[in-house]
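Enquirer: Structure in structure tokens, see below.
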Amino acid sequence: MVDLSVDIGGLTLKNPIMPASGTFSEELSEVFDLELLGAHVTKTITRGLRDGNPTPRVCEVNGSMLNSIGIPSKGVGAFLEKVVPFYRQYETPLVVSISGNTEEEFATLCAEVSVDGVDAVEVNISCPNIEEDGKAFAIRPSSTASVMRQLRAATSLPLWAKLTPNTGETSEVARAAEDEGANALVVSNTLLSMSIDVRTRRPMLGNLMGGLSGPGLKPVALRMAYQCARATRIPVIGCGGVSTVEDVVEYLIAGATAVQVGTATFIHPTIMPRLISELELWVENEGLRSVRDLIGSVIDDEQAEAVVFMEAAP
Amino acid sequence: MVALDKIDPRAEMPAAKIAELDLQVLANTPVNSEYRQLILRAPKDLLESCRAGQFFHLLCPDAGGEHPYLRRPMSIYGYYPDRGELHFLYKVTGRGTRALGELVPGDALGVVGPLGVPFRIESDWRNLVLVARGVGLATLAPLALEAQRRGIRVTAICSARHPDYLMSIDNFRAMGADVVTITDAEGTSSTQNLRAILEDLVAGGAADALYTCGSNRMLKVVQQVARDHDIAGQIALEQQMACGIGMCHCCVRPFRRDGVIANLRVCREGPVFAIEEAIAW
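Which chain is which? The protein sequence lines are A and B, in order.
Just so we're aligned, residue 0 is where the first sequence starts under numbering that gives the first Met the number 0, counting upward by one.
Just so we're aligned, residue 0 is where the second sequence starts under numbering that gives the first Met the number 0, counting upward by one.
In structure tokens, the structure reads:
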């Protein structure tokens, strides 16, 4: 029997497989037993009501997906009243994803969701739809540091900072989040993208642009997960295009302590429990006792820092 | 009349369990120049959990040069627990349905379902009226089957551009339905004529409930007749979907509910809605 448990900044997960925010909800309990998962991560909420973006909200592109859902939210009240109690029936840790338009609103919400039954707060400082022109806190180290400072002051729960690939300063942003008290980094959110119907000449998404997710995003997010693991001492949770057990193992070898599975659940709703059993088998077949033995085992021949933290294609 | 929003159609269903599995293709044949019928072999317990109005989320194959990534939602055309068959009727229009068209007997097709809120048939309803056009005929067909199983009378008003595209008429007749056909080519498909047909049925006491799918114009007429005569009406709606289960909030449409215009998920709060909630598109 191999050990699949991992530690994310003091929070022990029975296995390193969890859903990515926005691709998971109570409804999935009708498909499989949610107790199997390493953690539960809820869809990002905002303090107030949000309607979300105009449709179409998703489109497919070459084996991947673009979305601009726009974080429809029923607000913090409904969330605390209905969603948190649902997940209390499980032993599995509950991670609540939040977002805000301003630092103050963000921090207030962070305090409001720090209630019994919530084990960590994932702060979505990266959603490309929410700020004007796709800008987000995690694009720059300074805005990352500033918002993380306020969030840190607002809760004693572990804080997971969800980073964005829409930055040229990955390691600096990661270090800024770590310096201001992040307990883990989720790497990453979607990549700002666009698709146009060449017949109608109209953008495929109602919001013009959206976030790329799925297999097409994986090499980008994997590169970032590697850089973040090298740049900081806090756990990294890989997120982006995980669809097979090889993808899980690849993220762990790159330095991630756990992974989030997102778009793959839309294609195969039972993918997460399958990945857990396949990971167990993989670790066993490798002759390892613990999945932790894979973490950060990439052989990168002690490359120079300039190569490790490169921000342009060589 | 019982207020529609007070009824949860799921309440009378067995514990809803959503399955993800591969089913074997038994047949995939053209019905006319536009539509094809797909027949899958399915386990009895899966078929017994199906209800008219529900849908499956299909993993269209990489075939014919098409590589659809997302699943495609498709309403159930027929479910036969005794024969172990699940039927779909689809129009080849895009990447997903072109790929579906390539399936041959013996192939496997990944399905997730059954999904969504089904049509509701109240126990005291004796006469159902179905109003459908195009692929809406497929969605309403299993309702006629369910009505037949319960010994309820059905009138099916089938609309199409041309008599050649009137699918499912034989199917509806085989299920004991009275079939009324209206077509553009014959000049019988106008909203005025549809309205007159419905008014006649209402006047003759042959319309305890109205069901529709597949046409904006029909929605408006059915909505009006339902309101004027205080008859329960239901509509099945379509929307592009990603997850099909309720997680992604991609398939929302605006509805009139609880005195406001609310974005509801077609996959979860629907695809069947009370006719008065629907907003013409």
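Note that the Cβ used here is the ideal one computed from N, Cα and C, for glycine as well.
How is A/E130 classed by DSSP in three states: helix, strand or coil?
Expert: Because A/E130 carries a pLDDT of 47, less than 50, the predicted location of this residue cannot be relied on, and the following value inherits that uncertainty. Here A/E130 sits in coil by DSSP.
Enquirer: DSSP three-state label for B/F171, please.
Expert: B/F171: helix per DSSP, three-state reduction.
Enquirer: How many angstroms separate the CA atom of B/K43 from the CA atom of B/D21?
Expert: One C-alpha to the other measures close to 14 Å.
Enquirer: So what's A/F85 in DSSP terms, helix, strand or just coil?
Expert: Helix at A/F85.
Enquirer: For chain A, find out if any of its Cβ atoms is closer than 8 Å to the Cβ of B/I244; answer yes or no.
Expert: Yes - at least one Cβ of chain A is within 8 Å of the one on B/I244.
Enquirer: Does the count of Cβ pairs from the region 256-270 of chain B and the region 214-221 of chain B closer than 8 Å reach three?
Expert: Short answer: they don't touch.
Enquirer: Assuming B/G95 contacts B/H56 under a Cβ cut-off of 8 Å, what Cβ separation, rounded to an integer in Å, is found between them?
Expert: Wrong, their Cβ atoms sit about 11 Å apart, outside the cutoff.
Enquirer: Can you confirm whether A/G210, when its beta carbon is compared against all beta carbons of chain B, has any partner nearer than 8 Å?
Expert: No - not a single Cβ of chain B is within 8 Å of the one on A/G210.
Enquirer: Interface residues of chain B around A/L93 at Cβ under 9 Å?
Expert: Within chain B, no residue comes near A/L93; the closest Cβ sits about 16 Å away, beyond 9 Å.
Enquirer: List the residues of chain B whose Cβ lies closer than 9 Å to the Cβ of A/M271, in chain order.
Expert: Chain B residues near A/M271: none, gap ~12 Å exceeds 9 Å.
Enquirer: Start and end of the beta strand (DSSP E) containing B/L46?
Expert: Not the beta strand (DSSP E): B/L46 falls in the alpha helix (DSSP H), residues K43 to E47.
Enquirer: Along the chain, which unbroken stretches of the alpha helix (DSSP H) at least 4 residues long are found entirely within the region 49-81 of chain B?
Expert: Counting whole runs of 4 or more residues, the region 49-81 of chain B contains no alpha helix (DSSP H) stretch at all.
Enquirer: Mapping the DSSP letters down to three states, classify B/F118 as helix, strand or coil.
Expert: Looking at B/F118 - three-state DSSP - the assignment turns out to be coil, as it is neither helix nor strand.
Enquirer: Looking at the structure shown, is B/M217 part of a helix, part of a strand, or coil, going by DSSP?
Expert: B/M217 falls in the helix class under three-state DSSP.
Enquirer: Run the CB neighbour count on A/H39, radius 10 Å, all protein chains shown included, and call it buried at 16 or more, exposed below.
Expert: The residue is buried, with at least 16 neighbouring Cβ atoms inside 10 Å.
Enquirer: Looking at B/E84 and B/I38, is the spacing between their C-beta atoms short of 8 Å?
Expert: Going by C-beta atoms, B/I38 is nearer than 8 Å to B/E84.
Enquirer: Classify A/E131: buried if its beta carbon has 16 or more other beta carbons within 10 angstroms, exposed otherwise.
Expert: Residue confidence is low: A/E131 scores 47 on pLDDT, short of 50, so the model does not pin down where it sits. Its coordinate-derived value is still stated next. Exposed is the call here.
Enquirer: Is A/R232 helix, strand or coil by DSSP?
Expert: Correct three-state label for A/R232: coil.
Enquirer: For the putative contact between A/G51 and B/V251, defined by C-beta atoms under 8 Å, what is the C-beta separation to the nearest angstrom?
Expert: The Cβ separation is near 7 Å, so the contact holds.
Enquirer: Taking the CB atoms as reference points, tell me whether A/I233 and A/G8 lie closer together than 8 Å.
Expert: Closer than 8 Å, so yes.
Enquirer: By a C-beta neighbour count over all protein chains shown, 10 Å radius and 16 as the cutoff for buried, is A/N165 buried or exposed?
Expert: Counting Cβ neighbours within 10 Å, A/N165 comes out buried, since at least 16 surround it.
Enquirer: Going by beta carbon distance, what residues of the same chain come within less than 8 Å of A/D118, once the five residues before and after it are set aside?
Expert: The residues are L10, A38, P92, L93, V94, L156 and P157.
Enquirer: Just reading off the alpha helix (DSSP H) that A/D50 is part of, what are its end residues?
Expert: Where A/D50 is concerned, there is no enclosing alpha helix (DSSP H), given that its DSSP letter is neither H nor E.
Enquirer: For B/I181, I'd like the list of residues in its chain whose CB is within less than 7 Å of its CB, leaving aside the five on either flank, ordered along the chain.
Expert: If we look at B/I181 and ignore the five residues flanking it on each side, its Cβ neighbours are I156, S158, T187, S188, N192 and L193.
Enquirer: Any idea what DSSP makes of A/I252, helix, strand or coil?
Expert: Helix at A/I252.
Enquirer: Hey, B/L88 and B/Q36 are a contact pair by Cβ (cut 8 Å); roughly how many whole angstroms apart?
Expert: Indeed, because the Cβ distance is near 5 Å, the residues count as touching under 8 Å.
Enquirer: Following the continuous alpha helix (DSSP H) through B/R149, name the residue where it begins and the one where it ends.
Expert: Note, B/R149: alpha helix (DSSP H), G135 to R149.
Enquirer: Apply the 10 Å Cβ neighbour rule to A/G76 and answer buried if 16 or more other Cβ atoms are within range, or exposed otherwise.
Expert: Exposed, by the Cβ-count rule.
Enquirer: Buried or exposed: where does B/R50 fall if 16 or more other Cβ atoms within 10 Å of its Cβ makes it buried?
Expert: So B/R50 ends up on the buried side.
Enquirer: Suppose contacts are defined by Cβ-Cβ distances below 8 Å. Is A/E59 in contact with B/L69 by that definition?
Expert: Yes, Cβ-Cβ distance for A/E59 and B/L69 is below 8 Å.
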